[in-house]
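Here's the structure we're looking at; comments come further down.
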Amino acid sequence: MIIRELNLLGFGRFDNKKIELEEGINVIYGENEAGKTTIHNFVNGMFYGFLKPYVKRTIYLDEHEMYRPWSGKKYSGVIKFKTDDEEYIIEREFTKSEETTKVFLEKTGEDITNNLDTKNKTRIIQPGNHFFGFNDAVYGNTISVKQSQNRIQEDLSKEIKEKLINLSTSMDNEVSIKKAIKELETALKEIGSSRAPTRYYGRNYIELKRLEQEKEEILKNKDEYLEAIELNISIDKKLDEKSNEIKVLEDRLKKIILLEKRKIYDEVKAIKDDIAILDKNKNKYKEYKDLSLDDYLKGINIDGQLKNIKPRTIELEETLIELEKNIQQIKEKKDLNFNIDKSIEDDFLNYERLEEEKEGLTLQINNEIEFIKRDLKEDTVKIKNNNIFLILAIIVSAISIVLSFISNIAFLSINLITIPIIIFSFFRSKKLNIILNKRELDLNSLEKSEDEKKQRISDIDEDKNRIIEKYNVDDKFQFKRLFDEYKMSFYAYKEESSLLEEYINRKKTTLERLEKDKLEYKELKAKLKLILNNNFTSSLDELKDGIDKAKLYKELDLNLNVKDELLKKVIGDLCFEELQEELKDLQINLKESEKEFSSLQLKDILKEKYEKIAQIKIEKSSNDARISFLDRSISKLIEIEEKIYMKKELLKSLDEKIQSLELAKDTIEDLSKNIQREFAPILNKRVGNIIDIVTKGKYSKIRIDDKLEMGVIDNITGEMIDIKDLSGGTIDQIYFALRFGIINSLTDKKPPLILDDCFVQYDNRRLENIIDLLIEESKLRQIILFTCHKREFEVLYNRKTKFNLVQLT
């Protein structure tokens, strides 16, 4: 197989990334994080998807989520390859729940997806099963080598063993021994055994035991059936005796009931006479029966409310007259249109604010200028004194110099004192002059500011004069007196207005209460009139008299109801007219012995007799059912014996089938155990040849057991060396050789070899050896080598080997 083109439409970091590959060796070079492993996993995903192996359900590996496109584009890709002289295209959409895989013939565009034998039972198609001839577990442990994964997974030994067993027996590695054993085990499981009650065998075994037990029970019931027949004869005799006793008692009961009816008739007639008298008296008061006591009580309540409202209304009217009088007095006393100019208060406050501002400005001007002038005078004196001191020091210094020339040079030592004084005085004079200049500038600034403040004071005086002239007063004193008069007038005005407002509000409230009482009085009068009209009376006294008569009517009606209830109780379900007709010509003679029981007592005696007969009948019914059941049970004996025979034959057949299945399973398992003896020498030889090449003759013999555990034989000493005792690089070489040996044993096809940075642990010598092997192998199959180092293609350059270099950026 030759993979010609990879097109990562949307896969991990790649977006529409196209990579073209060639026959022979292809080196895909890129720094770390350039996407080499992503491309490697893309190839795996295109052929097998990202499905968890050895499970029936569709479960995705973590890689499926890991390589979702970063750009958010469609999660898909295309791969083109050639195998068996035919060119193919695989298109795959990876998105969950939308995943689809299509396989086309490139020349014709024909969709051959449904023609592939992909082996997997899930809805996600794995074309690798068809084109490589093995599943993704074998693929990932042979031709596809990921970074730092030269070693082989433990599960692969089972897969390889199964493939080799199939080849050894049928030469058809598509026949799954594992599947055959599994199907045999499934068949055995479905049949089950006597210890598995839910399985087919167990269910029939339990049914057989149940039938045998039922047969034993039927044989036991035969004597019980005969006993039940004899019991039925005895029960029938008892029933006849009890029936005769009941007939005699029923005749006596009929006679006693007739005598009791005569007594009831006499009582009923007396009650009917009383009812006629009560009904006549009741009709005298019938016209008052509908008068309402509740209406009378409501009328009394309304009358009381009316009596309370009347004096309250008079009192409210008197209050209104008094309030109106007070309102008129206030209006006459005070002119409510008194006009007060409230602006005088604002002007007075403004006048005082202006005076305060003027005083502040005047005080500020005088103080600041005085302070500056005082400081200026002090600084002038200091400068003058400093200049005098400086001149004296200069004179003394000059005299000392002259004297040192004239008489004694020792006078020069005086300059040690005078010169520092001169220097200090000079700089101090300079500093004082700077301060003096600053003070003069400050004084000029203040004098300028003083002019502005004087102008502001002049403006303030003008504002004050305008306020004084507005109110036609001469000075602040007169203005203050005018303002005080305003406040007194305003407060008096407010007090009168407040009192007037209070009287008006009280008048309004009183009017509202008066109107409310009048309205309530009117409504109550209407309600009282309605009550009297409803009861057809003109006054409450007349209504009271009618209520008393209605009470008498109700008492008579109650007595009538009592008599009616008594009549119903006495007569019960009987009809008076029928009793009268029935007893018209009654003549009954009873013996004294027959009179000792009433009808109720006789009914109780009869009830006991009936219950006794019912119990006997229940006993008979139960015994009949028992006889019927035993009869059916005995008749089923032949049927049960036939079923027992059939169940035994079925279980015998199942035992024979179980023995056959177990024999087939044991035979296949024995065949599996012979894998080491038959194929290990072939695999050892193939892997040994490859080890000899990559180790340059250091190791050439290898031993591989049925779990693919390995040991090597030292060519010098001949001893077996455990693979764990070898160096990491040598172990990687051996496992790499094992992959070649396995794949060549499993298939005659030449699938590509895909290597992802798997030579990291190799030193330069080992790397050269393995590259030499790959160069030879590239003549038979395509090699795709992913690397982040330049060592690999440098060795290829040195060997002058042609290869296709793909650089990732």
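Numbering-wise, the UniProt record's numbering puts 553 at position 553 of the sequence shown, and it's gapless, one number per residue. Note that CB positions come from ideal geometry on N, CA and C, so glycine has one too.
- What is the residue span of the alpha helix (DSSP H) that R57 lies within? Note, R57: premise wrong, no alpha helix (DSSP H); not H, not E.
- Along the chain, where does the alpha helix (DSSP H) that runs through V570 open and close? Segment 540 to 571, the alpha helix (DSSP H) holding V570.
- Message: Does the contact criterion of 3 or more C-beta pairs under 8 Å hold for the segment 22 to 33 versus the segment 731 to 741?
- Response: With the cut-off at 8 Å, the segment 22 to 33 and the segment 731 to 741 do not touch.
- Query: Whose CA, out of L650, K802, G299, lies closest to the CA of L191?
  - Reply: The sequence shown places Ile at residue 191, not Leu. Closest option to I191, Cα to Cα, is L650.
- Task: Would you mind sorting S76 into buried or exposed? The rule is 16 or more other CB atoms within 10 Å of its CB.
- Result: Label assigned to S76: buried.
- Given a threshold of 16 other Cβ atoms within 10 Å of its Cβ, counted over all protein chains shown, does E592 qualify as buried or as exposed? Residue confidence for E592 is low, a pLDDT of 47 falling below 50, so the modelled location carries little weight; the figure read from the coordinates is stated next. That one is exposed.
- Any chain C beta carbon closer than 8 Å to L637: Of the chains in the structure shown, none is chain C; there is only one protein chain.
- Item | Straight-line gap, K282 to E523 (C-alpha atoms, nearest Å) | The straight-line gap from Cα to Cα measures roughly 38 Å.
- For E28 versus V687, is the C-beta distance shorter than 8 Å? Checking the displayed sequence, the identity of residue 28 turns out to be Ile instead of Glu. Not in contact: I28 and V687 (Cβ atoms no closer than 8 Å).
- Item | Runs of beta strand (DSSP E) wholly within the segment 700 to 787 (minimum 3 residues, chain order) | The segment 700 to 787 is shown to contain whole beta strand (DSSP E) runs of 3 or more residues at 710 to 714, 720 to 722, 753 to 756, 783 to 787, in chain order.
- Task: Please report how far the alpha carbon of I721 lies from the alpha carbon of T747, in whole angstroms.
- Result: In this structure, the CA atom of I721 is about 30 Å from the CA atom of T747.
- Message: Is the beta carbon of K636 closer than 8 Å to that of L208?
- Response: Here L208 is not near K636, since their CB atoms are 8 Å or more apart.
- Do you know offhand how far L336's Cα is from E469's? Note on L336: pLDDT 42, under 50, position unreliable in the model; no value is reported.
- Could you work out which residue in E639, I771, G133, I605 is closest to E245 when comparing CA atoms only? Distances from the CA of E245 to each of E639, I771, G133, I605 were compared; the closest alpha carbon is that of I605.
- Where do the ends of the alpha helix (DSSP H) carrying T38 lie? If you look at T38, you'll find it in the alpha helix (DSSP H) that goes 36 to 48.
- Query: Going by beta carbon distance, what residues of the same chain come within less than 7 Å of D136, once the five residues before and after it are set aside?
  - Reply: If we look at D136 and ignore the five residues flanking it on each side, its Cβ neighbours are Y48, P53, Q126, G128.
- Item | Start and end residues, alpha helix (DSSP H) containing F803 | Bounds of any alpha helix (DSSP H) do not take in F803; it lies within the beta strand (DSSP E) bounded by 803 to 807.
- Item | Coil, strand or helix - S76 by DSSP | DSSP places S76 in strand when its eight states are reduced to three.
- Per DSSP, N26 is paired with what? N26 pairs with I784, N804.
- Item | K107, DSSP secondary structure in three states | Taken through DSSP and simplified to helix, strand or coil, K107 comes out as coil.
- Query: From what residue to what residue does the beta strand (DSSP E) around Y88 run?
  - Reply: Segment 86 to 93, the beta strand (DSSP E) holding Y88.
- Query: Among all the DSSP beta bridges, which residues are the ones paired with G10?
  - Reply: D15, S76.
- Message: Since D731 and I723 should fall inside the 8 Å C-beta cutoff, what is the C-beta to C-beta distance between them, to a whole number of angstroms?
- Response: Looking at the sequence shown, residue 731 is not Asp but Ile. So it is a contact: roughly 6 Å between Cβ atoms.
- Query: Do the CB positions of N561 and L291 come within less than 8 Å of each other?
  - Reply: Taking 8 Å as the Cβ cut-off, N561 and L291 do not qualify as a contacting pair.
- Just to confirm, are I467 and N350 a CB contact at a threshold of 8 Å? It is a contact, given that the beta carbons lie within the stated cut-off.
- Message: Suppose the cutoff is 7 Å on Cβ atoms and the five residues either side in sequence are ignored; what does the same chain contact list for residue 810 look like?
- Response: Because the chain is modelled from 1 through 809, residue 810 falls outside the range shown and cannot be assessed.
- Message: Rounding to the nearest angstrom, what Cα-Cα distance links I691 and E794 in this structure?
- Response: Linking I691 to E794 through their CA atoms gives a straight-line distance of about 23 Å.
- Message: Can you tell me whether I771 is buried or exposed? The criterion is at least 16 other CB atoms within 10 Å of its CB, across all chains shown.
- Response: Around the beta carbon of I771, 16 or more other beta carbons lie within 10 angstroms, which makes this residue buried.
- Task: Pick helix, strand or coil for R4, following the three-state DSSP scheme.
- Result: Reduced to three states, the DSSP call for R4 is strand.
- Query: What is the DSSP secondary structure of S144, counted as helix, strand or coil?
  - Reply: Reduced to three states, the DSSP call for S144 is strand.
- In chain order, each alpha helix (DSSP H) run of at least 4 residues that lies wholly inside the segment 464 to 537: With a minimum length of 4 residues, the continuous alpha helix (DSSP H) runs that stay inside the segment 464 to 537 are 476 to 534.
- In or out: I160 buried (at least 16 other Cβ within 10 Å) or exposed? At I160, the pLDDT of 44 sits below 50, so the modelled position is not reliable and the matter cannot be decided from this model.
- Same chain, Cβ closer than 6 Å to S97, neighbours up to 5 away in sequence not counted: Contacts found: none.
- Length of the line joining the Cα atoms of N326 and T509: In a straight line, the C-alpha of N326 is about 16 Å away from that of T509.
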